[in-house]
Amino acid sequence: MGIQEQYRNEAASLLSSGEVKLVIGFGAGSTADRRRPLFACTAAEAEQFVLDSACIANLSAYLVTEGLLTDGKKVAVYLKPDGLRSINILIAEAQLKPEQVVILGYAIENGEVKPLTGRSIGDFTDLGDRIRATTPPPAVVQEAERIDAMSSDERFAFWKEQFSKCIKCYACRQVCPMCYCRRCIVDVNQPQWISTSSHTLGNFEWNLVRAFHLAGRCAACGACDRACPVNIPLRLINYRMGKEVRDAFDYCAGENSGQKPVLASYSQDDSETFIL
Amino acid sequence: MSEPFEPKIVAFVCTYCTYAGADLAGTSRLKYAPNVRIVRLPCTGRISPMFILKALQKGADAVLVSGCHPGDCHFSAGNYHARRRWTVFRALLSFTGIPDERIRFSWISAAEGAKFAELINEITEDTRKLGPFEQYQELQKVIETQSSY
Chain A
1 MGIQEQYRNE AASLLSSGEV KLVIGFGAGS TADRRRPLFA CTAAEAEQFV
51 LDSACIANLS AYLVTEGLLT DGKKVAVYLK PDGLRSINIL IAEAQLKPEQ
101 VVILGYAIEN GEVKPLTGRS IGDFTDLGDR IRATTPPPAV VQEAERIDAM
151 SSDERFAFWK EQFSKCIKCY ACRQVCPMCY CRRCIVDVNQ PQWISTSSHT
201 LGNFEWNLVR AFHLAGRCAA CGACDRACPV NIPLRLINYR MGKEVRDAFD
251 YCAGENSGQK PVLASYSQDD SETFIL
Chain B
1 MSEPFEPKIV AFVCTYCTYA GADLAGTSRL KYAPNVRIVR LPCTGRISPM
51 FILKALQKGA DAVLVSGCHP GDCHFSAGNY HARRRWTVFR ALLSFTGIPD
101 ERIRFSWISA AEGAKFAELI NEITEDTRKL GPFEQYQELQ KVIETQSSY
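Just so you know, the sequences run in chain order A and B.
Going by my numbering, the first residue of the first sequence is number 1, and it counts up by one from there.
Going by my numbering, the first residue of the second sequence is number 1, and it counts up by one from there.
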């Protein structure tokens, strides 16, 4: 029995036993290589779950849907290691209760889907080591190094060109598990911090703020990068901020659910070489 | 002949240390560059990165953020939190091409009126050399010309 059938059965039994009220997984998509999120509330619906190497989305974003978990019932969700990382971050930020999330974990290695053992986030004790050992895509690292080596004028020109493509669709925000604010700063209009029109200044401000709000919180799932319709290299900027946080504070987001969020904590010994 | 460039500098300061330091500079009759606009806030922990972006949006050529020395915060830990935030925000600004010289950070206590005066003079001179922050102000101009339709 393949992992797809195994998890289908497991989802069906979780639903029929009443242990969970909902299972979030993947169904067939509009084309052969796409998968669509599928929400099953009955064992019959669970028959449609698909699990293969095209299931790359981070479904943890659906868990922070307003009102979903307020009834105290459990929800099961298909998650890759980056999804587990998001769950840890959300728990650390008090957005989830660990006991409300049942995990159907899987990893995609060389195009093959492998099951992960553990059903509760506390079972994945080696996640922190895995995160620290994971190397980011070499293309992203090289590009970040290339930009770091530029003069600030060149960097400004590079990002100005990238951000000028932005159409302010906020797909990056909608798809991100960490963007759960009920009222996003960009929607605040008194005072209006960020110009909402899609001109370059507004785009610049929006993208700076988005990147800053994800610094030390990004699970590096790449969902924003895939969602961006104009291909702004969001993964690049997120990677660079994650690296900064790791270098400065030895902090990797989502290692475990007991972590204190990096910008909501401090150490008296933090470096301050730049402060006069 | 066009007027010489006078940099616009916005200083976000905490009320307990740097503002008191600036006050001391004044009461000590120290002379310093009049290019700085001081915005007083309760604590450096209250200084949101949005303030810095807003200052740039409104045409500042340089921004100074200043508060109590570590350990001296009136609220015990506001400046420690702020320090982490700035470390990250500064890296972000630098990565996106906003020069480090335009965004400055300092600790100035209520006793350091002279340090405040010197720092303002230094930033003003440095910014004068850098010239106006045209790259960023250009972005604002685009909006103003577009807003006619």
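Glycine included, C-beta positions come from ideal geometry on N, C-alpha and C.
Values in this document were obtained by computation on a predicted structure and should not be read as measured data.
Kindly say whether alanine 211 (chain A), judged by its beta-carbon, lies nearer than 7 Å to any beta-carbon of chain B. At least one C-beta of chain B is nearer than 7 Å to the C-beta of alanine 211 (chain A).
Boundaries of the beta strand (DSSP E) in which arginine 36 (chain A) is found, first to last residue: 35–40
Under a Cβ-count criterion, where at least 16 other Cβ atoms within 10 Å of its own Cβ denotes burial, should phenylalanine 39 (chain A) be classed as buried or exposed? exposed
Identify the continuous alpha helix (DSSP H) that holds glycine 74 (chain A) and give its terminal residues. Rather than glycine, the amino acid found at residue 74 (chain A) in this sequence is lysine. Element bounds for lysine 74 (chain A): not the alpha helix (DSSP H) but the beta strand (DSSP E), 74–79.
When the Cα atoms are used, what is the spatial distance from glutamine 137 (chain B) to asparagine 207 (chain A)? 17 Å
Under 9 Å by beta carbon: chain A residues contacting phenylalanine 95 (chain B): Ordered by position in chain A, the residues that pass the 9 Å Cβ test against phenylalanine 95 (chain B) are Ala144, Ile147, Asp148, Arg155, Trp159, Ala211, Ile237, Arg240, Met241, Glu244.
Neighbouring residues, chain B, relative to isoleucine 275 (chain A) (Cβ below 8 Å): Arg83, Trp86, Phe105, Ser106, Trp107
Kindly list, in the order they appear in chain A, the residues whose Cβ is closer than 8 Å to that of alanine 25 (chain B). By Cβ distance, chain A contributes nothing, its closest Cβ being about 16 Å from alanine 25 (chain B), past 8 Å.
Find the residues of chain A that neighbour lysine 54 (chain B), judging by a C-beta separation of less than 7 Å, and give them in chain order. Trp193
So, using beta-carbon positions, are asparagine 88 (chain A) and serine 257 (chain A) closer together than 7 Å? Cβ atoms of asparagine 88 (chain A) and serine 257 (chain A): closer than 7 Å.
Can you list the residues of chain A that proline 49 (chain B) reaches, using a CB-CB cut of under 7 Å? Phe212
So which residues of chain A does proline 7 (chain B) contact, with C-beta pairs closer than 9 Å? Near proline 7 (chain B) there are no residues of chain A at all, since even the closest Cβ is about 17 Å away, more than 9 Å.
In chain order, what residues of the segment 65–78 of chain B put their CB closer than 8 Å to some CB of chain A? Pro70, Gly71, Ala77
Inter-stretch contact at 8 Å, needing at least 3 Cβ pairs: the segment 241–250 of chain A / the segment 193–207 of chain A: no
Would you call the CB atoms of alanine 11 (chain A) and alanine 46 (chain A) closer than 7 Å? yes
Between the CA atoms of phenylalanine 133 (chain B) and tyrosine 149 (chain B) - distance to the nearest angstrom: Note that tyrosine 149 (chain B) has pLDDT 44, beneath the 50 cutoff, so the model's placement of it is unreliable and the number below is only indicative. Roughly 27 Å between the two C-alpha positions.
Please name the residue, chosen from A:Leu63, A:Asp269, A:Leu116, A:Lys243, that lies closest to alanine 94 (chain A) on a Cα-to-Cα basis. Considering only alpha carbons, the answer is A:Leu63.
So, isoleucine 52 (chain B) versus alanine 11 (chain B), is the Cβ gap smaller than 7 Å? no
Hey, could you find the ends of the alpha helix (DSSP H) glutamate 125 (chain B) is sitting in? 113–130
For arginine 155 (chain A) and phenylalanine 95 (chain B), which I take to be in contact (beta-carbon distance under 8 Å), what is that distance rounded to the nearest angstrom? 7 Å
Run down chain B in chain order and give the residues with a C-beta less than 8 Å from the C-beta of glycine 216 (chain A). Residues of chain B passing the Cβ test: Val88.
Counting along the chain, where does the alpha helix (DSSP H) carrying arginine 84 (chain B) start and finish? 78–95
Using the Cα positions of leucine 139 (chain B) and glycine 29 (chain A), report the straight-line distance between them to the nearest angstrom. 41 Å
Taking the beta strand (DSSP E) that phenylalanine 105 (chain B) falls in, what are its first and last residues? 103–107
Among the residues of its own chain, which have a CB less than 7 Å from the CB of arginine 246 (chain A), if the five just before and after it don't count? Only Cys252 meet the Cβ criterion.
Would you say threonine 200 (chain A) faces chain B, with C-beta separation under 7 Å as the test? Threonine 200 (chain A) counts as touching chain B.
Reference arginine 151 (chain B); option with closest CA among A:Glu255, A:Gly254, A:Met241: This structure leaves residue 151 (chain B) out entirely; chain B is present only between 1 and 149.
Per DSSP, the bridge partner or partners of glycine 105 (chain A): A:Leu79
Using a Cβ-Cβ distance under 7 Å, would glutamine 80 (chain B) count as near chain A? Checking the displayed sequence, the identity of residue 80 (chain B) turns out to be tyrosine instead of glutamine. Chain A, which has a Cβ nearer than 7 Å to the Cβ of tyrosine 80 (chain B), makes this yes.
In the DSSP assignment, what are the bridge partners of leucine 22 (chain A)? A:Val75
Ignoring anything shorter than 4 residues or poking outside the segment 224–249 of chain A, list the alpha helix (DSSP H) runs there in chain order. 234–249
Within the same chain, show all residues whose beta-carbon is closer than 8 Å to that of isoleucine 3 (chain A), passing over the 5 residues directly before and after it, in chain order. Leu51, Tyr106, Val113, Lys114, Pro115
Can you tell me which residues form a DSSP beta bridge with serine 66 (chain B)? BP columns for serine 66 (chain B) point to B:Val13, B:Ser106.
CB-CB under 6 Å to serine 66 (chain B), same chain, minus the five flanking residues each way: which ones, in chain order? Val13, Thr18, Ser106, Ile108
Span separating the alpha-carbon of lysine 165 (chain A) from that of threonine 117 (chain A): 42 Å
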